[in-house]
Structures are given as structure tokens and as C-alpha cells.
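Presented below is the structure to which this report refers.
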Amino acid sequence: MSPRTAIRMVLPGALVCRPLAVRVVAEACRLVSSPQPHAEAVDLSSAGYDLRNRFDIDFISAFMEIFNNIAVHAYRRTGNGDVEIAIGVHPGELVVELKDFGVPFDLSTVPEPALDELPEGGMGIHIARTMLDEMAYEPGPPNLWRMIKRIAPSQPA
Amino acid sequence: MSNHFSVEQTGSTAKVTIQGTLDINSAPVLAERIDQLVATKPALVSVDLSGLELIDSSGVAALVKLYKGVRGGGGSFVVNGARDQPLAIFKLLRMDKVFNLQ
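Line by line, the protein sequences are chains A and B.
Its first residue numbered 1, the first sequence is counted upward by one per residue in the numbering used here.
Its first residue numbered 1001, the second sequence is counted upward by one per residue in the numbering used here.
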């Protein structure tokens, strides 16, 4: 990854920490989807997430599900372990890698949800896969999730 | 916007208002209230999501549980005001028609 902008953070792999990670990734999304002069680009003072751009909506929807997966499956809801997040902001592309040190996950065993049967679970990976251009998982430890989304050609870069 | 939900019940009609984020952290709290509401077999439940900013699969699951409970009891179910990220998720999961979005 050789991004124009690199953001790195380490935080506990606990669900209570997810909102903080979401806020940072939401701002990174805006750096890709709505580039502004640097002085105006990052505004963490907003009380809300203000997700209106389709790029931002899709990426954050996927990110929330992957963070949930780490907290619930890798760390078994204990929060006993870190998540290392690396955000690469490229022109027209956002790359986010999440590294955890918990129990490996077998992505190949996750079935597609039967949406016509109104499932009450098993939708998270489907959401992430569908919302991203690329999603990869390498079991470890450390386990590595790689999430990539690009601005669609019809969208302003 | 802080996370908040409320249930206003008048006779056999109930209005559920959900604001902020409905996710793996907040959905279990809503689920408890859903059980209480469904037990009354309401004839109509309208869910106001105009203040809902973010939802994840656990939040969707909570709404599906509410939908199934209400419909299972013979009631009607309608969702009002879904927008932005929650609306995108409902469409992705093909629940926009199931929830009778208004």
C-alpha cells in the first residue's frame, strides 16, 4: 500500500470501541468521495455521521460488519486483544486493513443468506461483500481483513 | 445524535421511534422492548426511522424480529422515514418491500 494519505490506529477489539473506529473511517471515506482543501477536510466535531454519499454509506456499512466480526468471533466478545487498522486514502480509492490476533475465521464456510426467508442473522458478511469492490481475508494469527472500494466511474472523484 | 428508541401505544396501535444507531450494541435493548410490545398483539405497528442514522445487520435482525412478531399476531407493520444508510441496507437485503416502507 502506497497511499497518498495513511492513517493508522490501534484500539481494543471490543464492540464499545467500534463507534470511534467508524468515525475515523467515515472521515477517510470523505477524503476519497468528497475531496476538499486540507484545512476543511477533517471535521470530527460533527455530532452525527452524516453519511449521504453512496461511497461513504457502502464503505461504512461494510466496515461495521467486519469490526463486529472481529469483536464477536475473533475475540469472543471479551475485548481481550487489539485491532490494528491501516487506512490508505488514494485518489478515487479507499483501502482499509484490519489486523486482529484472535481466533481465525473461515470465510469460506459463510453461506449466502436466504433473504427471501427474512433471516435474523448471517447477513453481516453478505453486506460487507456486496458493498465493497474487493474483500479479502487471510487467517493468521494475525488475521487480516482487506477492504477496498473505488469511486464508480459515474461518480465525481 | 444519541441513540434512543421509544414506544407509544394507544389501544391496538403502536408507534416505535428509533433514533441514532441501531446496531449490535443497541439492538439487544430494543429486543427486550419488542418482546413486550409483540405480546400485546397490536393491530398496527408503525416504525419511525426518520432519525435513524446507522444500522448494521444486528439492527436489521431486531426489526425483522419485530416484523415477524407483529405479523405473526395478525397485525400490520409499516416503516416510515428510512433514509440514507439504513435505506441502502434495507434495499440491499430486499427488506424495503417487506417492511412496506413509506
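Every residue, glycine too, gets a C-beta built ideally from N, C-alpha and C.
Integer-rounded CB distance, given that aspartate 58(A) should sit under 8 Å from methionine 9(A): The beta carbons of methionine 9(A) and aspartate 58(A) sit about 21 Å from each other, so the pair does not count as a contact at 8 Å.
Under 8 Å from the C-beta of leucine 51(A): neighbouring residues of chain B: Glu1053, Leu1054, Asp1084 and Gln1085
8 Å Cβ cut-off: residues of chain A touching arginine 1094(B): Leu115 and Asp116
Backbone CA spacing between alanine 1079(B) and lysine 1091(B) [nearest angstrom]: The residue asked about is misnamed: residue 1079(B) is valine in this sequence, not alanine. Answer to the nearest angstrom: the Cα atoms are 13 Å apart.
Arginine 8(A) - partner residues in DSSP beta bridges: Ala86(A)
Chain B residues whose Cβ lies nearer than 8 Å to that of glycine 79(A): Within 8 Å Cβ-Cβ: nothing; glycine 79(A) doesn't reach chain B, min ~13 Å.
is_contact[glycine 123(A), chain B] using C-beta, thresh 8 Å: Checking the sequence, you will find methionine at residue 123(A) rather than glycine. Output row for methionine 123(A): interface = yes.
First through last residue of the alpha helix (DSSP H) which encompasses lysine 1097(B): 1095-1098
Pair within 8 Å by beta-carbon distance, isoleucine 66(A) and tryptophan 145(A): yes
Short CB-CB distance (under 8 Å) between alanine 1039(B) and chain A: False, the Cβ-Cβ gap to chain A never drops below 8 Å.
Close beta carbons around valine 110(A), own chain, < 6 Å, minus the five adjacent residues each side: Ile125
Methionine 135(A) - DSSP class collapsed to helix/strand/coil: Here DSSP, grouped into helix, strand and coil, assigns methionine 135(A) to strand.
Coil, strand or helix - lysine 1015(B) by DSSP: Lysine 1015(B) falls in the strand class under three-state DSSP.
According to DSSP, residues forming a beta bridge with isoleucine 1055(B): Under DSSP, isoleucine 1055(B) takes part in a beta bridge, and its partners are Leu1022(B).
Whether arginine 1098(B) touches tyrosine 1067(B) by CB criterion (8 Å): Just to set this straight, residue 1098(B) is valine in the shown sequence, not arginine. In this structure, tyrosine 1067(B) lies closer than 8 Å to valine 1098(B) by Cβ.
Within 8 Å, strictly: CB atoms of aspartate 1023(B) and serine 1076(B): At a Cβ-Cβ threshold of 8 Å, aspartate 1023(B) and serine 1076(B) do not count as neighbours.
is_contact[leucine 132(A), chain B] using C-beta, thresh 8 Å: no
Contact check, glycine 79(A) vs alanine 14(A), beta carbons under 8 Å: yes
Own chain residues within Cβ distance below 6 Å of glutamine 1009(B), not counting five before or after: Here the set comprises nothing.
Residue(s) in a DSSP beta bridge with threonine 159(A): Past the edges of chain A, shown from 1 to 157, lies residue 159(A), and the structure says nothing about it.
Same chain, Cβ closer than 7 Å to proline 12(A), neighbours up to 5 away in sequence not counted: Closer than 7 Å at Cβ, skipping near neighbours: Gly79 and Asp82.
Burial state of alanine 39(A), where buried means 16 or more other Cβ atoms lie within 10 Å: Unreliable placement is indicated for alanine 39(A), whose pLDDT of 48 sits below 50; the coordinate value is still reported in the next sentence. By the neighbour-count definition (other C-beta atoms within 10 Å, threshold 16), alanine 39(A) is an exposed residue.
Own chain residues within Cβ distance below 8 Å of serine 45(A), not counting five before or after: Low local confidence applies: a pLDDT of 49 at serine 45(A) is under 50, so the model's placement there is unreliable, and no value is given.
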